[in-house]
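Chains as they are written, first to last, in this note's numbering: chain A, 1484 to 1686; chain B, 21 to 226.
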């Protein structure tokens, strides 16, 4: 847990320390959707339209930016039926009911980017985040809730574009791949975010 | 202008969010679970059963209600007989292969919760008028009280009981659980009991 706190503090320090570079630092709020992949998709297959992200970046060179990223993404599915499992200590267990499945993900990342064509109205960039996800898997069935949660170390490569006319507010669109390493509590997390929102320049 | 943009985006986030979105009806809280000892072959090994009254367990101040006991026993009996089992009326004259134990468990759950911090989440959607985007400045307190009913049917292996150790194994069990709220409790209970047998095809010894 301590190492994750250190990462967040580092991200804030980097962001604050680089604010002076040509006033190109920014703070952004984006709407964040998620396409689950891998084992996350096995748990919940539905595309998620629930998500929200905050991020900040500061320029450390004319083309290189560093910052921090935090988000909240919620995946949800509901289905009914009869399911058979044989995982219960040598017994065959069958259950019938309605399941509601939830996956809540809170990524906290230190980020680094390379921005192309900084003097244009269209600024494409590539980069990556590295940090941790606080994730929770939960299944509601009957009157019961079964859940597991924990921190997962992970990374978040990303490509995006900033669109604007040189003013204080620009449009930010990005695609992020998320990967959280498997832990004792949780399987590996993977998903693709498409984020769209506003970047407020000069913060 | 920037401040307005922040507010708009924050409001959008609030409306779209909930840790646990979705709703469920009372009947969607019904659950049937069955378990049998892996590899146990019923056909040929077991043929007869004995069953007496329904046992009752209550908790949380719930009251014992025996009015449906006869209906429960009749429905369980009907299902076993349909699967080819033969009931032994008097175990003192003939030892059954298995003993069926029916237990009714009724629990009353009460409590309170504070949800001032998460105004967009929880059973209070309707309280605030659906998409009404405001919420009280003080923490709102909600109270809940609901009863759950569970019928547990256990099959005890009398045929292979160990009289020296005085041990008897449970080779199959089925549980039907639901909220004892709303209308149609009777028909839901019947459906759930029938489902216990529907999802246990290995009990068919015909």
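Virtual Cβ for every residue (Gly too), placed ideally from N, Cα, C. In this text the structure is predicted, and so the values were computed from the model without any measurement.
So, helix, strand or coil for residue 1663 of chain A, using DSSP? As a first step, residue 1663 of chain A is located in the first chain; it is residue number 180 there, counting from the start. Residue 1663 of chain A: strand per DSSP, three-state reduction.
Kindly indicate the opening and closing residues of the alpha helix (DSSP H) around residue 102 of chain B. Against the second chain, residue 102 of chain B aligns to sequence position 82. Residue 102 of chain B -> alpha helix (DSSP H) spans 89-102.
In chain order, what residues of the same chain have a beta carbon less than 6 Å from the beta carbon of residue 126 of chain B, not counting five sequence neighbours either side? In the second chain, the residue the question calls residue 126 of chain B occupies position 106. So the list reads 78, 82, 169, once near-sequence residues are dropped.
Do the stretch 1588-1604 of chain A and the stretch 1638-1648 of chain A touch if we need at least three Cβ pairs shorter than 8 Å? yes
Express the C-alpha separation of residue 1568 of chain A and residue 1508 of chain A in angstroms, rounding to a whole number. Residue 1508 of chain A sits at position 25 when you count from the first residue of the first chain. Residue 1568 of chain A sits at position 85 when you count from the first residue of the first chain. Approximately 53 Å between the Cα atoms of the pair.
So if I threshold CB-CB distances at 8 Å, which residues from the stretch 1583-1601 of chain A count as touching chain B? 1583, 1585, 1587
So, is residue 1623 of chain A buried or exposed, given that buried needs 16 or more other C-beta atoms within 10 angstroms? Taking the first residue of the first chain as 1, we reach residue 1623 of chain A at position 140. The residue is buried, with at least 16 neighbouring Cβ atoms inside 10 Å.
Does the beta-carbon distance from residue 1636 of chain A to residue 1664 of chain A come in below 7 Å? Translated into the one-based positions of the first chain, residue 1636 of chain A becomes position 153. Translated into the one-based positions of the first chain, residue 1664 of chain A becomes position 181. In this structure, residue 1664 of chain A lies closer than 7 Å to residue 1636 of chain A by Cβ.
Sub-7 Å separation of residue 202 of chain B and residue 1583 of chain A beta-carbons: Taking the second chain and counting its residues from 1, one reaches residue 202 of chain B at position 182. Taking the first chain and counting its residues from 1, one reaches residue 1583 of chain A at position 100. For residue 202 of chain B and residue 1583 of chain A, no; Cβs fall outside 7 Å.
Along the chain, which unbroken stretches of the alpha helix (DSSP H) at least 4 residues long are found entirely within the stretch 1519-1566 of chain A? 1521-1526
Cβ neighbour criterion (16 or more within 10 Å) applied to residue 1587 of chain A: The count along the first chain starts at 1 and reaches residue 1587 of chain A at position 104. Under this definition residue 1587 of chain A is a buried residue.
Measuring only the C-alpha atoms, how far is residue 1680 of chain A from residue 1648 of chain A? In the first chain, the residue the question calls residue 1680 of chain A occupies position 197. In the first chain, the residue the question calls residue 1648 of chain A occupies position 165. Each residue's alpha carbon lies about 15 Å from the other.
Report the residue from B:195, B:56, B:96, B:177 whose alpha carbon sits nearest the alpha carbon of residue 229 of chain B. Residue 229 of chain B lies beyond the residue range present for chain B, which begins at 21 and ends at 226; the question has no answer from this structure.
Would you kindly report the start and end of the unbroken beta strand (DSSP E) that includes residue 75 of chain B? As a first step, residue 75 of chain B is located in the second chain; it is residue number 55 there, counting from the start. 68-79 is the span of the beta strand (DSSP E), which, as asked, contains residue 75 of chain B.
Would DSSP call residue 1620 of chain A helix, strand or coil? Looking up residue 1620 of chain A in the first chain gives position 137. If DSSP states are grouped into helix, strand and coil, residue 1620 of chain A belongs with the strands.
When you compare each of A:1540, A:1683, A:1515, A:1633 to residue 1651 of chain A by their alpha carbons, which one comes out closest? As a position in the first chain, residue 1651 of chain A is number 168, starting the count at 1. The candidate whose alpha carbon is nearest that of residue 1651 of chain A is A:1683.
Just to confirm, is the Cβ distance from residue 92 of chain B to residue 121 of chain B under 7 Å? For this step, residue 92 of chain B is matched to residue 72 along the second chain. For this step, residue 121 of chain B is matched to residue 101 along the second chain. No, these two residues do not count as a Cβ contact at 7 Å.
Can you check whether the C-beta of residue 174 of chain B is within less than 7 Å of a C-beta belonging to chain A? Within the second chain, numbered from 1, the residue matching residue 174 of chain B stands at position 154. Not closer than 7 Å to any Cβ of chain A, the Cβ of residue 174 of chain B fails to qualify, so no.
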